[in-house]
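**Student:** Input: one structure, supplied below.
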Amino acid sequence: SESDQKANTYIVYMGDLPKGDFSASSLHTSMLQQVGSRASESLIRSYKRSFNGFVAKLTEEERKKLASMEGVVSVFPNEKKKLH
Amino acid sequence: TTRSWDFMGFPQGVRRAAGPESDIIVGMLDTGVWPESESFSDEGFGPLPSKWKGSCQSPANFTCNNKIIGAKYYKSDGDFGQGEIDSPRDSEGHGSHTASTAAGRLVSDANLFGLGSGTARGAVPGARIAVYKICWSGGCSEADILAAFDDAIADGVDIISLSVGGGALDYFEDSIAIGAFHSMKNGILTSNSGGNSGPDPETISNVSPWSLTVAASTIDRKFVAKVKLDNSKAYEGMAINTFILNQSMYPLVYGGDVPNTRQGFTREESRYCIFGSLDKTLVNGTIVLCDALATGEEPLNAGAVGTVMQDDRYLDLAFSFPLPATYLNLSDGGEVYNYINTTSEPTAIIEKSTEIKDELAPFVVSFSSRGPNTITSDILKPDLTAPGVDILAAWSLATTVTGDEGDTRVVPYNIISGTSMSCPHATGAAAYVKSFNPTWSPAAIKSALMTTASPMTAAINNDAEFAYGAGHIDPVKAVNPGLVYDAGEADYVKFLCGQGYSDKSLRLVTGDNSSFCSESNNATVWDLNYPSFAISSSSKTESVTRVFHRTVTNVGSPVSVYKATVVAPPGFTVVVEPSVLSFKAMGQKLAFAVTVSGVAASGSVGSGSLVWDDGVSQVRSPIVAFVAS
Chain A
145 SESDQKANTY IVYMGDLPKG DFSASSLHTS MLQQVGSRAS ESLIRSYKRS
195 FNGFVAKLTE EERKKLASME GVVSVFPNEK KKLH
Chain B
200 TTRSWDFMGF PQGVRRAAGP ESDIIVGMLD TGVWPESESF SDEGFGPLPS
250 KWKGSCQSPA NFTCNNKIIG AKYYKSDGDF GQGEIDSPRD SEGHGSHTAS
300 TAAGRLVSDA NLFGLGSGTA RGAVPGARIA VYKICWSGGC SEADILAAFD
350 DAIADGVDII SLSVGGGALD YFEDSIAIGA FHSMKNGILT SNSGGNSGPD
400 PETISNVSPW SLTVAASTID RKFVAKVKLD NSKAYEGMAI NTFILNQSMY
450 PLVYGGDVPN TRQGFTREES RYCIFGSLDK TLVNGTIVLC DALATGEEPL
500 NAGAVGTVMQ DDRYLDLAFS FPLPATYLNL SDGGEVYNYI NTTSEPTAII
550 EKSTEIKDEL APFVVSFSSR GPNTITSDIL KPDLTAPGVD ILAAWSLATT
600 VTGDEGDTRV VPYNIISGTS MSCPHATGAA AYVKSFNPTW SPAAIKSALM
650 TTASPMTAAI NNDAEFAYGA GHIDPVKAVN PGLVYDAGEA DYVKFLCGQG
700 YSDKSLRLVT GDNSSFCSES NNATVWDLNY PSFAISSSSK TESVTRVFHR
750 TVTNVGSPVS VYKATVVAPP GFTVVVEPSV LSFKAMGQKL AFAVTVSGVA
800 ASGSVGSGSL VWDDGVSQVR SPIVAFVAS
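Chains as they are written, first to last, in our numbering: chain A, 145 to 228; chain B, 200 to 828.
Below you can see the structure in the form of structure tokens.
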């Protein structure tokens, strides 16, 4: 459906940094390619200094596939919080 | 701030660990800072702490110094709004305010047009500040919040302050809880604001047990602005009015009598002075009485010289407005209304605000979000309370006092309210505690702040611990708490196992492939070594018994004997076993169990406490029993 094709921004949280050498952008790009996303366009940011994860534009189908992938803790929408 | 620290018993001359304080780095995740503010001057500061691994992003006229040692901005959508600066420079004011509250330098004679005058200072004036600008005029995206956490942790900050939130979310679907978890893992305490959605229950946000959740309380300084009528009567309203009107009296009109009928507005709309509803011809040069608290922009746009607002929403704090204004309760507002209706040519004047002493302070302000915690009901949130009402601190010269259209007042110090303001008080206090105890874990610092907090009373805070947590923060006492309830990553993982998080998730989160939720590693919420005790039941007739297992670490006198004193919540019995703890060394840990049994009264918070007392230190934890909705 049209809503399934619409890409929204999601955070893919993957927990602690992997041990040893680790190329975040390669790993995250590869994961996006595995779910069929046009990785170079959809990857917005990688987290790689203190924990592992990334931000990407995903369709609903891609979100579901990523959420079930090995190494993923959670996938949740990039919403806005407010100053208190 | 010019009053709150003194009010908390934290005077300017308080004992300091000067060397360690200058090595403390406070990470501020906020709207940036105004680097030229006197609060952030680096005069007399030595070189950067060697542990600092961060950087200073310096586009658009922003430079760091030995006080502001790092600065970065995050805007993952790249969409800069009008007036926004693509720089760590603060164009909102909020970030400068919070940073100076936590760690601003001493600045004498800081004031807002003479109001709140005094020496502005943060808790740790000698500490360094690292700025992570994540909030913009449209809000704070979770992608940017996580990016800032990712950097701040790796950069080597000691404490993170984040006065931002949304609804309470599952721990690993909430950027702040995730960031705070990895901070904790790296020895960094995250101090969070609890939110401004009070006084409704279950509104508290940022509820992860590894972060410190802060409610907002009043201080003993109130700002009031008087409206004087021509019949010699005067009424004091809550407002920060910096304006001095130059006539003795002005015509006074009621918003409901001056509707902008040409645009189709009725008196039912104009009485609330909603946008576009006032007739400019009838309002020009008058003071307008409006039946609701609003920003004041509509009376200003319509040409009014001032506005008097009335309702009963927020009578425990003072707002600023872009024109002369005051805000009355319904009784006084009704008298002003009657005066207008019974006088042929009603006139009035609004005076500049004055300061009065609030003898009731501190109490939790109405807007401060309340528990219970909607994610884990038996973790009491908020954790504690700090000043968050009418706080004067540094501001940005890129905005005005209110930020509203028509406001031309550009100021270096401003007075605002929010749990955003209470959070950096707790951040600063945590940094102060850490400067004396550099090796303490985030949980130990949090425990020290909670168990030494001054008890508050349900007599003026109906929601009791759901409003104030453990009580009002006391930074001086927190340096020497006697005992601490310590916890580390493994303890939180056990807690998360008990909350139903999967092996797979927890292995990833910890980075430890051996981590798993076995029977021995599957802790109930009541076994997390938390410095407060919460016991919920599902109905008012249900009898509940909970056993809380706790361990305290001796950080006071090497040889000491602590005795337990218990106040049970109404309808409950509390048994502590053992009731005496004999320590023989610093760092020694002793375990005990607290059994709480009874039936909770419906619709109220049953308050009790456990105090461990060795005659020198009183280590106090609240015990709260309630019926969960």
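Idealized CB from N, CA, C, for every residue including glycine.
1) So, does the stretch 603–610 of chain B touch the stretch 378–393 of chain B, judging by three or more C-beta pairs under 8 Å?
2) Step through the CB atoms of chain A and report whether any lies within less than 8 Å of the CB of residue 377 (chain B).
3) Let me know the secondary structure DSSP gives residue 435 (chain B) once reduced to three states.
4) For residue 161 (chain A), go through chain B and note every residue whose CB falls closer than 7 Å to its CB, in chain order.
5) Taking residue 293 (chain B) as the query, report the chain A residues whose CB atoms sit under 7 Å from its CB, ordered along the chain.
6) Under 8 Å between beta-carbons, which chain B residues line up against residue 207 (chain A)? List them in chain order, please.
7) Reducing DSSP to helix, strand and coil, say where residue 261 (chain B) ends up.
8) Using the C-alpha atoms, what's the distance from residue 674 (chain B) back to residue 863 (chain B)?
9) Just to confirm before moving on: does the CB-CB distance between residue 243 (chain B) and residue 226 (chain A) stay below 8 Å?
10) Would you kindly check if the distance between the Cβ of residue 385 (chain B) and the Cβ of residue 375 (chain B) is under 8 Å?
11) Can you give me, in chain order, the residues of the stretch 209–222 of chain A that have a beta carbon less than 9 Å from any beta carbon in chain B?
12) Please identify the residue among B:548, B:586, B:566, B:569 whose C-alpha is closest to the C-alpha of residue 560 (chain B).
13) Below 8 Å on the Cβ atoms is my guess for residue 324 (chain B) versus residue 288 (chain B); work out the distance and round it to an integer in Å.
14) Relative to the alpha-carbon of residue 297 (chain B), which residue among B:594, B:520, B:420, B:764 has its alpha-carbon at the smallest distance?
15) Under the three-state reduction of DSSP, which class applies to residue 639 (chain B): helix, strand or coil?
16) Can you pull the chain B residues whose beta carbon is under 7 Å from the beta carbon of residue 195 (chain A), in chain order?
17) Among B:422, B:600, B:430, which has the Cα closest to the Cα of residue 315 (chain B)?
18) Can you tell me whether residue 537 (chain B) is buried or exposed? The criterion is at least 16 other CB atoms within 10 Å of its CB, across all chains shown.
19) What does a CB cutoff of less than 6 Å around residue 755 (chain B) pick up in its chain, not counting 5 residues either side in sequence?
20) Name the residue from B:449, B:626, B:495, B:264 whose alpha carbon lies nearest to the alpha carbon of residue 237 (chain B).
21) Quick check: the Cα distance between residue 151 (chain A) and residue 199 (chain A), rounded to an integer number of angstroms?
22) Where are the alpha helix (DSSP H) runs, 4 residues long or more, that stay fully inside the stretch 421–492 of chain B, in chain order?
23) Chain B beta carbons: is any one of them nearer than 8 Å to that of residue 179 (chain A)?
24) Quick check on the DSSP output: the alpha helix (DSSP H) that includes residue 665 (chain B) runs from which residue to which?
25) If you run the structure through DSSP and keep just helix, strand and coil, what is residue 545 (chain B)?
26) For residue 280 (chain B), is the classification buried or exposed, using 16 other Cβ atoms within 10 angstroms of its Cβ as the cut-off for buried?
27) Just checking: is the beta-carbon of residue 363 (chain B) within a distance shorter than 8 Å of some beta-carbon in chain A?
28) Taking DSSP's pairing of strands, which residues face residue 749 (chain B) in a bridge?
29) Hey, residue 505 (chain B) and residue 524 (chain B) are a contact pair by Cβ (cut 8 Å); roughly how many whole angstroms apart?
30) Anything in chain A within Cβ reach of residue 337 (chain B), meaning under 9 Å, just list it in chain order.
31) Is the number of C-beta pairs between the stretch 339–350 of chain B and the stretch 183–191 of chain A that are closer than 8 Å three or more?
32) Closer than 7 Å: is that where the CB of residue 391 (chain B) sits relative to any heavy atom of the ligand GDP?
**Tutor:** The structure says:
1) no
2) yes
3) Three-state result, residue 435 (chain B): strand.
4) 710
5) 227
6) Neighbours of residue 207 (chain A) on chain B: none; closest Cβ ~13 Å, over 8 Å.
7) coil
8) With chain B covering only 200 through 828, there is no way to say anything about residue 863 (chain B).
9) No, Cβ-Cβ distance for residue 243 (chain B) and residue 226 (chain A) is not below 8 Å.
10) no
11) If you check each beta-carbon in the stretch 209–222 of chain A against every beta-carbon of chain B, the ones closer than 9 Å belong to 214, 215, 216, 217, 218, 219, 220, 221, 222.
12) B:586
13) Their Cβ separation, rounded to whole angstroms, is 22 Å, which puts residue 324 (chain B) and residue 288 (chain B) out of contact at 8 Å.
14) Checked all of B:594, B:520, B:420, B:764; the closest Cα to residue 297 (chain B) is B:594.
15) coil
16) For residue 195 (chain A), the neighbours in chain B by C-beta distance under 7 Å run, in chain order, 349, 381.
17) B:422
18) Under this definition residue 537 (chain B) is an exposed residue.
19) 681, 816
20) Minimum Cα distance to residue 237 (chain B) is reached at B:264.
21) 12 Å
22) 466–469, 479–482
23) no
24) 664–667
25) DSSP, reduced to helix, strand and coil, places residue 545 (chain B) outside both helices and strands of the structure shown, so it counts as coil.
26) exposed
27) yes
28) B:791
29) Indeed they touch by this definition, with Cβ atoms about 6 Å apart.
30) Per Cβ cutoff of 9 Å: 224.
31) yes
32) Ligands displayed in this structure: none; no statement on the ligand GDP is therefore possible.
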